[in-house]
Structures are given as structure tokens and as C-alpha cells.
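Following: one structure in C-alpha cells, then a few remarks.
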Amino acid sequence: MYYVLSIFFPILAGIYLLVRKEMKDRKNLLITVAAALAITAVFVVFTFFFADPRMFTLFNLTDRLPVLFKVDEVSIVFSVMAVLVFLCAGVFSFAYMKHEETDESYIREKRYYGFYLIVFGVVIALCFAGNLITFYLFFEMLTLSSVPLVLHNGSREAVMAGLKYLFYSLSGAYMSLFGLYFIERYGNTLTFSEGGVISVQAAASHGGILLLTAMLMLVGFGVKAGMFPMHAWLPTAHPVAPAPASAILSAVIVKVGVLAVIRVVYYIFGVSFLKGTWVQTVWMTLTLLTVFMGSMLAYREPVLKKRLAYSTVSQLSYILFGFSVMNAGSVTGGLLHVLCHGFIKAALFLCAGAVIYMTGKTRVEELRGIGKEMPLLIWCYTIASLGLIGIPPTGGFISKWYLAEGALSSGIMGFNWIGPVILLVSALLTAGYLLPVTIYGFFPGADYDYGNLKKKEPSRLMTIPVLVLTVLSVLMGLFPEGIIDYLSHIVIKIM
Amino acid sequence: MDFVQNFPAVSILMCLFAGIISSGMKKRSARYISMGLIVAVTVLSLCTLLYILKTGQAFVYVMGKFPAPWGNEIRAGVLEAFMAFFFCVIMFLSLEGGRKKLADEVEEGKTFLYYVLSDLLLSSLLALVYTNDLFTAYVFVEINTIAACGLIMIRQNGRTIKASARYMIMSLLGSGLFLMGLCMLYDLTGHLLMSNIKEQAALIYASGEYRIPLLIVIALMSVGLAIKSALFPFHAWLPDAYGYSTVSSAAILSSLVSKGYIFLLIKIIYRVIGFDIFNSSKIINVLFIFGLMGMIFGSLSAIRENDVRRMISFSSVAQIGYIYMGIGMGTQAGIGASVFHILSHAATKSLLFIAAIGLTDVSGGSRKFIELTGAAYRNKWAGAAFTVGSLSMVGVPMFSGFISKLLFAQAAVQNNVKMLPALIVLGISTVLNAIYFMKTVIRIYTPVDDGKYDSIRFKDMKSYTVILICFILLNVILGVSSQPVVDLIDQGLAMFS
Amino acid sequence: MGANLFSNYGEMVAIILFVIGFGNLLLQSNLIKKIIGLNIMDTAIYLFLAEKGYIEGRIAPIIVDGIQDMETYINPIPSGLVLTGIVVSVSVSALMLSITVRLYQRYQTLDLDEINIRLLKEGL
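Residue numbers (my numbering), protein chains in the order written: chain Z, 1 to 495; chain G, 1001 to 1497; chain Y, 2001 to 2124.
Dropping the structure here:
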């Protein structure tokens, strides 16, 4: 029951907003949205505690393909992150979307919230999905419902970006569907179960084709996570969306790709089947390549939001690298980084959005003196950046520590030292592309005209979400023990 | 003999007589007769279906007094009755959905002829579905062609006349080949009834004699029917015929007429030649390859197309390719998937045609893409329906298209040789479908800023909206609870042999 | 093989005619010639059927002198099929001819390629 409520309540609320006749009062609209978000959050928490943990079958798509949900620790990790980010970004958008005041833009805003809620519901559904077909179903829905967020401003650029996003995602989804066919044939079941579902005989007799399938599924789901051969949509699509939507896209929706990979590797194929095969090698190579390339591209990118998008590409592959190494330390690091990156990237995108909202500046070199104008915001930005770079005591430090340590102790020839080196180089690059905003912002140089300086600190609706996210990321670094304990439970179960 | 067993024959005859009667009637009553007829046939087919499900076996109905090897027979199994039922539903929805357009596009005095033709078409479709006699099948194939040609031509402009000429020519080529195959088969086996031919064919095949003539027969029949159902290299007539005729015709032609031929082919495979004999011939590979090529080239042509109706028509070519791929797979599951796709494509394609007309109507009647910008805001239900249709075509879960893709793939993994090409082409074609359908959906949901279309308001027509909702529901039902349908198909295919 | 062909020369002729008709229907661009091709094709099939149905030395199955022995008569079914086929082909030819008339009235030509060009000019 709680599954249905927490998944379909936001979806129905979103649909209600979409089909509802023009609601002239903006305040009403915002209250509705806020209420929907809050109620959903409550439902999700209820689900953690009270839902039947085994599984809940919604209906049967065909005899052998039930649509079912269940809660396990991984779902809890991902859904907590998603709920927090969705709440913060939602509050932020109350302020951000305000500048659209004509009737037309009002309709747009309503549409934005409608799809925002639908995406929220779908993401929750993905976290709770109990088998591959359910996951696939909502994976497609996620693509379709998040495209309107990219298309939001209706410009030609946005439409092209939306189409690009759509095609990459659909091709990726098809690749994974390809895998679904095979697993249905060779697996015991499609239900996610720790340690994999591939039967021993099938693994022995059809090992080759199953490995190929695994690779295809990794690449296919990796599309959502911006992994190397299929990453090009991400830097195009994320920045054209409105800032809170970018935050959602970059912090949560790409994580769904990560969740998919976790499900595929640890719950469908199983570590024992994949470890030490060519799939693992290729996968590790791809992720490392992506880490490095993403950082390089971000370093060269002048537009702040695009820079952040490239950074997402790179950081996501940190996480994927953790999972590809397949040992306890690296997986813990990966899971930890899921949380860290979620909070931090959302905070960063919201900062960028606030800057755009207040000043209209998008390029990094235009941001000189920005720290003087809105100090609180840029302090948040700076702290979040430090977290992403991995400087103690932030959460990013701990997750990267685990990642690097896991890679070092993995004992996989070559990768046990190349991995950490690339992670380190990329961390330096991260500092190189994130910190200029801080540096120019607070130290605009001698020729900066202080006479024109006006305080432009944005409204509380904007600063508080950013502050909350930043504080969360710092707290994770200060008090990591509880979380790490919890994560190591998961790791023990799935390895 | 139970009373229900009369129903198939009665429904065929009813359609024929309704056609004759309404040709002497005024416009209005012709429509009422036609609609009433379709509803009646729907009910009859449903009764037949329930009856067969209850008794658990197919029945044979002897037409006239002559028993099996000489007389003419009708045979009804689960699949036949279900097809008849489904065809009637689609026919009803398509006719009703295109009614307003029909009144606009056809001369006032001629609309009743349309219903005469549709009655004839329905009768021939039912006969194709039910008959157990190959020569009867041939005769009704021709009637079907003539009626379909009339449906294309009823909207008089240069394009449609030319399209119907080309349609006729291709169809005649197809039926010529079919007839030739039929004659040869008659010579080989000495029978015209499907069940008798099958026994003889099995004997002949087992004896090892006449392998080549049998192969030629299979080739002639499958190529003939493939031409008639517009399989890839023979599809040249299709875009014009579907693209310029009145919308009900396009919907009916794409979702019923070509499907009728495919269903006949499946019947021939199972009930005439024999599944194993058909599979051991090389023809099946030809069908498979043509199917694959159709999937890709149909979609490619659709992407290049700038006219929404023609785009949907080209997409039909691709979808027919899917069906033939399934047939060519050479497994029971493949044929099952094809039959399901016949249903799902019929539901989706007629929905798309009907919805597209709603969209073009509010865009100044133009079918060019650029004019369709924002059309979904001007006609909300048509927009929603078009979106549903597109998603189903792309194969998004919850809609019927996904299930057929799933079934195709499940069938493909059972065949080790054809697995990879089938899956790869399925993937490519999915992405290509996504390109042109999603492009259209985004186009119709892109708002226009200038007040160009303010004057055009969609004239609210309740029945049109209701029809669209029915279509959407049909699609979703097929997509969400497909299992009963799949079971029915399996049961029906099992009854075939 | 050769002897086989020679003894079945009727069927051979039918097949050759069928191919000629088929080719005409497919390849000619003139509509009237196409219709002629169609008729040749159909007739070839009837010839084929009639040839198959006829058995040397037997008579039509009409009982006049009381002989009910099966060996006396030819198979009547192909003849029946031919009759049905002729009806079908007549109606189809009529429909084709009417389409041709329509096209001719509109475009003053019987050439399909020519009609295509005109259609493109019309820009319909």
C-alpha cells in the first residue's frame, strides 16, 4: 500500500497539475506543489518502516513479468538522496520560476511543476523497483517524463537538446532491454536478488553471450549515467533546463543510471560471474576514461552550467569506477559518493541558477566579484566545491578515500595503481575548474570597481535549499561512521 | 449442431446482404445499417469465441449439402473468432472516427457508397478469416481488393486515382501469383479444402516426390500474399494509397486489409502447407530478410517524409516488416508474436491516422510538419491520442507496442541463427521509430507564439473524442494486460494444427 | 526432363503465357497494355487449370447413357474453378478499366509515368 502511495501520489498530483484548467493564483499552485512534495516524502519514509519488505506485486504485465516493488538498503540510500534533493530543488524553484510572469510562462511553470512531480514519483518507483522489468518500465517513463524539463523554455536549442537526450536514452534503454530478453531466458528469475540470478548451468554453457549481454546492459544503462561512449547528451541537455531541473537531472536522474548498474551487476549477474572477466576490464577502462575526459572537458568549458554538467560526467564515473572494481572498499566508496555527489551537485547547480537569476551571467569569467555581491551563496558554492574535490573534512574526501583504497587493494594488475592516479589527477582538475568562481568571486583583482558593488543576495527561498544541501555534504564528512556502517551492511550482503 | 455454429456463416452473409441492401438506400440509412451490422457481427463473433472457449475445440460448418472432400466449409477456432471480433471493433472505431472527414471529402451523394464498400470489405475479411477452402479464400481476396480499391478511390483527386490504379496493379500481381500457386497445389494434392490439402501435402512431402513443385507453391503463395500486404520491396503503392485517401480508408486499409492477407498467410502456413514443411523451405528466410529490410527502410523513408500522413504510412511498411520477421523466425513463438503484432499494430495505426486528422484539421488542413507546431494545444485529445500511438509504436512499456516487441524478442532468442540479426534490427528500428515519432510529438507540443491559429478552433465533436479515448484504452489494455490475449493466441494457434 | 516437358506442353504454354502476362502487368507503363497483360495472365491460369482437369479420352461428367463409372469422366472441379475465376477476372478488369477511364479524363494520357509527372506538377 505504501508503495502505491509513495509512487503514484506524486505522479497523480503531477498529472492533476498538467490537466487542470488555468489556475490563476500562483500562491495556490505553489502550496499544492509544496504539499505534494512533503506528503510524498512522508509516504516514502513510511514505506521504509512499515511496508512489507518482501515485495508488493502491482499487476502482471505478462505471466512471467510481474511489476513488483520492494525495499532494500540500496533503495533506501537512493531514495533518501532523491527525496532530499527533490525537496530542496523544489523549494528553490518556487523562487527561481518567479521571473516568468506572462500568462504563457505561467502555463509553462504549471507544466514544469507537473512534470517535476511526475519525475519525482518515477524516481521513487525506480528506487523501489523489485525486478528488471519494473525497472525498465519506469526507466523509460523517467526518460519520457524528464524530457519536458529539458524542453522547458521551448527554444530551438532546447528542442534539439531534448531530442538528443531522448535518442541517447532510448537507444541505451533498448540495449538494456536486449539484456532483459536474455536474462529472462537464462536467469532463474528477473527479481533482483543479492548475488545474482544467473543459474550455474547457464553461466557455464552460455557464458560468452551472457558476458556480452552484461556489457550491453552496462553501456545501455550507463547512458543515463553519462558513461563514455554515450555521454554526449549530458552536457547538452542538462544546462538548457531551468536550474532546479538541472539540479534534479544532474544529481538524481543520472544516479538512476548508477542504480541500474548496481542492480544489473550485483543483483542480476552477480559479482562472482563478472569478476575478472573482460567485461570488468572494459568497464573499468571506460569509467577511468570518462573520469579523465569529463574533467578535462569541464576544465576547458567557459559556461558555468555546462562546466558543472561535464563535472557530472566525470564524477558519475568515479562512482561507476567504484562499482566496477567490485571489492568492499570501492563499493562502499561508490555508494558514499552517490550521496555526496547528489547533495553537492544539486547545491552547485542551484548556486549557478541563483547567480543566473540575480545577475543573468552565465560564463565563468563574467563572475568576477560575485562573492562580494552574494557572499553567503558563494561560500556555499565554495564549501560544496571543496567537497567535490575531496578535501577533508567534507564527505567527498571520505568517499574518494574509500574509492582509491579499494582500487589499491583490488589487486587487479595495472588498475590498482592507474585508478588512484587518475582519480587524483582528476581531483586536481576538479579543483581547477570549480575554484576559479570562488577565486574571482572573492578576489576580483585590483581593478575591480567596488563603487558599483551592491548586495544581491537572493531571497531565502533560494539560499536555504543551497545551505541545507551544503550542510548535508559537510555533515557526511564530519560524522561518516553511521553511514559507513550502514553501507558496509549492504556491501557484505551483495558481495 | 449447436445454434452458435451458424454464427460465422451468418455474419459473412449478413455483411454481403447489408452491402446489397444499403446500395439502394439513402445516405443516412446506409450508415446506420453499416454500423448496426458491425455491432451485430461483433456480438456474433464474441458469442462464437465464448462458445469455442467453452467447448475447447474448433468446429467446422458445412456450407451446403456436400460433405468434407467436395463441399465448401467454414471453420472457426479461437483465433478466427477473436480476429473477427477484433477486426469488427477496429472497423467500427475507424469508420466512426473518420466520419466527419468523410463528409467533407466525399461528394454529398456518394457517401452511402462508402458504407456499401465497407460492408463488402468486412464480409470479405470475415470470409478470409473463417473459410476452410482455398479457392473461396482466393475469391474473397479479390473482393477484398476491389472493395479496398473503392475505399481509396472514393475521395476523388488525381493522387487517389493513381494510387488506386497502382494498388490494383500490385494486388492483381499478387493475386495472380496466389491463384497460380493455388492451382498447382490443387494439382499436387487434388483438394481445395485446407485440412485435406494438409494431409496430402504431408504425404507428398514424406514420400520425397514433388519437393520442387511444393517449394514453388509455397513461394508463389507467400510472395503473392506478401505483395498484397505491402511487404518491403512491394510497398511502392502504399504511401499514396494511405496518405491521400480519406482517413477512415487509411485506417481500415492499414490496420485491417493488409492484416487480413497476413492472417490468411498464417492460416496457409498452419492449415494448408503444414508448419514444419513451410519451415524447412528456404522461403521462410526470404520472408525474414525482407521483413528485416522493411523494418529499416520503412523507417528511413518515414524519417525523410515531410508529410504527417505519409510518414505514418511509411511506418506501416516498417511494422509489416516486423510481422514478416516474426513469421520468418520459424518458431511457434515467432508466429504468436506476429499475430499479437497484427492486433497491436491495428490498434495503434488506426489510432495514429485518426488522431493525425484531428491535428491537421486544426492546422489549416496542412499536413506539413512545420504547420503542425502546437497542434496538440489546439486539439487536446488528438494530441494525447497521437502521443499514445507514438509511444506504443516506439515500444514504451505500458502500451501495446512494447508487448509485441517483447514477444518478438522472446521468439528471437529461441532461434540461434536468426537471433542476432533480429535483435539488432529490432533495436535499430526502435531507435528510428523513436526519431520520427518523437520528433512529431515534440513538434505538436511546441507552443506557437503568434496568434496565427487563433481563429481556428477545433469544432468540438463528442463522438470523435470518444473514439479516440476508446483507441487509447484499447492500446493501454493490450499493453498492460496482454496475458489473456497472448494465451488466446497460443490456444488459437494450437487449434490450427 | 525433356520428355516430361514435351508431354506436358499444355502446362508449359500456360506457364509461358503466365510469365508474359505477369511481365506485361508489371512492366508496361501504359494502362491499357497492363490490363491486357492482366487478362493474358488470368487466361493462362485458366488454361493451366483446364489442361490439368482434362484427361485424355474421357468425357464431360454429364450422365446421358447411365454410365456411373468414375473412369469415364474428367474431373469437373477445375472447370468450375475456371468459371469462377473468369467471373472474378471480368469484374477486376472492369474496375481497372473504369480507373483507367477516370485517369484518362483527368490527365488525357494512359501513361502512368506521364501521370506521375503531372501529379508532381500539380503539387498535390
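A virtual CB, placed ideally from N, CA and C, is assigned to each residue, including glycine.
Give me the Cβ distance between residue i and residue j, rounded to the nearest whole Å; I'm assuming they're in contact under 8 Å.
{"i": "residue 2021/Y", "j": "residue 2044/Y", "result": "6 Å"}
{"i": "residue 1349/G", "j": "residue 1254/G", "result": "5 Å"}
{"i": "residue 1143/G", "j": "residue 1120/G", "result": "6 Å"}
{"i": "residue 580/Z", "j": "residue 419/Z", "result": "In the structure displayed, chain Z extends from 1 to 495; residue 580/Z sits before or after that span and is not available."}
{"i": "residue 1428/G", "j": "residue 1478/G", "result": "Wrong, their Cβ atoms sit about 24 Å apart, outside the cutoff."}
{"i": "residue 1382/G", "j": "residue 1359/G", "result": "5 Å"}
Sort the options by Cα distance to residue i and report the nearest one.
{"i": "residue 74/Z", "options": "235/Z, 146/Z, 16/Z and 261/Z", "result": "261/Z"}
{"i": "residue 1205/G", "options": "1274/G, 1138/G and 1141/G", "result": "1274/G"}
{"i": "residue 68/Z", "options": "7/Z, 466/Z and 427/Z", "result": "7/Z"}
{"i": "residue 1318/G", "options": "1329/G, 1308/G, 1295/G and 1058/G", "result": "1295/G"}
{"i": "residue 206/Z", "options": "217/Z, 190/Z, 186/Z and 223/Z", "result": "186/Z"}
{"i": "residue 1105/G", "options": "1143/G, 1156/G, 1083/G and 1095/G", "result": "1156/G"}
{"i": "residue 1441/G", "options": "1477/G, 1447/G, 1386/G and 1403/G", "result": "1386/G"}
{"i": "residue 1395/G", "options": "1379/G, 1433/G, 1411/G and 1410/G", "result": "1433/G"}
{"i": "residue 94/Z", "options": "464/Z, 363/Z and 216/Z", "result": "464/Z"}
{"i": "residue 494/Z", "options": "280/Z, 415/Z, 196/Z and 15/Z", "result": "196/Z"}
{"i": "residue 233/Z", "options": "415/Z, 414/Z and 164/Z", "result": "164/Z"}
{"i": "residue 134/Z", "options": "98/Z, 59/Z and 156/Z", "result": "59/Z"}
{"i": "residue 1304/G", "options": "1439/G, 1006/G and 1114/G", "result": "1439/G"}
{"i": "residue 1145/G", "options": "1133/G, 1158/G, 1039/G and 1164/G", "result": "1164/G"}
{"i": "residue 363/Z", "options": "227/Z, 172/Z, 342/Z and 433/Z", "result": "433/Z"}
{"i": "residue 1028/G", "options": "1092/G, 1108/G, 1300/G and 1075/G", "result": "1108/G"}
{"i": "residue 540/Z", "options": "1446/G, 1268/G, 1485/G and 1476/G", "result": "Given that chain Z is displayed from residue 1 to residue 495, the structure contains no residue 540/Z and the question cannot be resolved."}
{"i": "residue 1393/G", "options": "1030/G, 1287/G, 1302/G and 1077/G", "result": "1302/G"}
Keeping to the same chain, check which residues put their C-beta closer than 6 Å to that of residue i; ignore five residues upstream and five downstream.
{"i": "residue 1079/G", "result": "1492"}
{"i": "residue 2121/Y", "result": "none"}
{"i": "residue 311/Z", "result": "298"}
{"i": "residue 245/Z", "result": "149"}
{"i": "residue 1094/G", "result": "1248, 1251, 1252 and 1350"}
{"i": "residue 237/Z", "result": "150, 161 and 165"}
By Cβ distance, which residues of its chain are closer than 7 Å to residue i, with the 5 residues on each side in sequence left out?
{"i": "residue 1160/G", "result": "1152, 1153, 1244 and 1245"}
{"i": "residue 2001/Y", "result": "Here the model assigns residue 2001/Y a pLDDT of 47, short of 50, so the residue's position is not dependable, and the following value carries that caveat. There are no such residues."}
{"i": "residue 1297/G", "result": "1232"}
{"i": "residue 300/Z", "result": "none"}
{"i": "residue 243/Z", "result": "96, 349, 350, 352, 353 and 356"}
{"i": "residue 1174/G", "result": "1224, 1225, 1227 and 1228"}
{"i": "residue 496/Z", "result": "No information on residue 496/Z is available, as it lies outside the stretch 1 to 495 that chain Z covers here."}
{"i": "residue 1284/G", "result": "1278, 1328 and 1330"}
Run down chain G in chain order and give the residues with a C-beta less than 7 Å from the C-beta of residue i.
{"i": "residue 2018/Y", "result": "1180"}
{"i": "residue 63/Z", "result": "1483"}
{"i": "residue 159/Z", "result": "1442 and 1446"}
What does residue i touch in chain Z if you count any residue whose Cβ is under 9 Å from its own?
{"i": "residue 1410/G", "result": "181, 184 and 185"}
Residues of chain Y with CB closer than 8 Å to the CB of residue i, please, in chain order.
{"i": "residue 1146/G", "result": "2091, 2092 and 2095"}
{"i": "residue 1135/G", "result": "2081 and 2084"}
{"i": "residue 1176/G", "result": "2018, 2021, 2022, 2025, 2038, 2041, 2042 and 2045"}
Taking 7 Å as the line, does the beta carbon of residue i fall inside it for any heavy atom of the ligand MN?
{"i": "residue 222/Z", "result": "You won't find the ligand MN in this model; it holds no ligand whatsoever."}
Does chain B have any CB closer than 8 Å to the CB of residue i?
{"i": "residue 2041/Y", "result": "Structure shown: chain B not included; protein chains present are Z, G and Y."}
Run down chain G in chain order and give the residues with a C-beta less than 8 Å from the C-beta of residue i.
{"i": "residue 2122/Y", "result": "1158"}
{"i": "residue 140/Z", "result": "1396 and 1397"}
Would you mind listing the alpha helix (DSSP H) stretches within the segment 1367 to 1447 of chain G that are 4+ residues and don't spill past its ends, in chain order? 1375 to 1378, 1380 to 1394, 1400 to 1412 and 1419 to 1444
Ranges of the beta strand (DSSP E) found wholly within the segment 250 to 284 of chain Z, counting only runs of at least 3: none
4-residue-minimum alpha helix (DSSP H) runs that sit fully inside the segment 395 to 452 of chain Z, ordered along the chain: 395 to 408 and 415 to 442
In chain order, each beta strand (DSSP E) run of at least 3 residues that lies wholly inside the segment 28 to 105 of chain Z: 56 to 62 and 65 to 69
Contained alpha helix (DSSP H) runs [length at least 4] in the segment 1211 to 1238 of chain G, N- to C-terminal order: The qualifying runs are 1211 to 1228.
Could you give the uninterrupted runs of the alpha helix (DSSP H) lying entirely in the segment 1009 to 1043 of chain G, keeping only those of 4 residues or more? none
Whole alpha helix (DSSP H) elements within the segment 1147 to 1195 of chain G, 4-residue minimum: The segment 1147 to 1195 of chain G contains these whole alpha helix (DSSP H) runs: 1158 to 1189.
Completely contained alpha helix (DSSP H) runs for the segment 1048 to 1104 of chain G, where each covers 4 or more residues: 1078 to 1097
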